[in-house]
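This report concerns only the one structure given below.
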Amino acid sequence: MTERLAILSDTHDLLSLVERAADRLRECGVRTVVHCGDITTPAVVRAMGALDVHWVFGNCDADRPGLEAAMDAAGHTCHGLRGELRLGGRSIGFTHGDRPGILEALLASGHDLVVHGHTHVRRDETAGGVRIVCPGALARALSPGFAVVELAGLTVEWLDLAPAR
């Protein structure tokens, strides 16, 4: 089975949807997650449990020390405003997306895949040989959900969650 990467963003503090997303990831065997910011509370970090989560901060993440402490306690990785990793033979760059200069730098860095959040709108396109994905959002989105990328072929699957009540 090929390696897959889940991409979440803009969860804000919708804890019930974050818990459901984490459960769904465990059910479908996805272990590695990139969260593109707007986390807002340490409870969201804790809800991701033992998944291998790579976090970046968004413009709504005011309690960075509290979030970093929760990430450390969970064994997750905090990348600050911009993250990069290699997974499944792919180079991946990620950021929240509220700072255009960071996103532009990632797009120019030769990554196979660049992911971002911030817009709350799904995006899946290729530009200059780079696959660009925004998973939409769990909070304030028409279709709350996230993306899973199959890394060998860089194919994207959208996983929807019913809105929180």
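Be aware that the sequence shown starts at 5, since it is given in the working numbering, and climbs by one per residue.
Quick reminder that beta carbons are idealized off the backbone N, C-alpha and C, glycines included.
| query | result |
| --- | --- |
| Cβ-Cβ separation, S95 to G114 (assumed contact under 8 Å), whole Å | 7 Å |
| Contained beta strand (DSSP E) runs [length at least 3] in the segment 33-83, N- to C-terminal order | 36-39 and 56-59 |
| Selection from P148, A77 and T159 that minimises the alpha carbon distance to V134 | T159 |
| Closest by C-alpha distance to R126, when choosing among P139, G132 and E23 | P139 |
| For P104, the three-state DSSP class (helix, strand or coil) | helix |
| CA-to-CA distance, R90 to P104, given in whole angstroms | 23 Å |
| Local Cβ density within 10 Å of R68, reported as buried at 16 or more and exposed below that | exposed |
| Collapsed DSSP secondary structure at V125 in the structure displayed | coil |
| For R24, the first and last residue of its enclosing alpha helix (DSSP H) | L19 to E31 |
| Residue of C82, D17 and D27 minimising C-alpha distance to L163 | D27 |
| Rounded Cβ spacing between A7 and L155 (contact assumed at less than 8 Å) | At residue 7 the sequence reads Glu, which differs from the Ala that was named. Between L155 and E7 the Cβ distance is about 5 Å, and since that is below 8 Å, they are a contact. |
| Nonlocal neighbours in the same chain, by C-beta distance under 6 Å from V225, ignoring five residues either side | Outside the displayed range of the chain (5 to 169) lies residue 225, so it cannot be described from this structure. |
| Cα-Cα separation, M75 to C82 | 7 Å |
| Opening and closing residue of the beta strand (DSSP E) in which A151 lies | G149 to E154 |
| Same chain, Cβ closer than 7 Å to S147, five either side skipped, listed in chain order | G140 and D164 |
| C-alpha gap between V153 and G84, whole angstroms | 22 Å |
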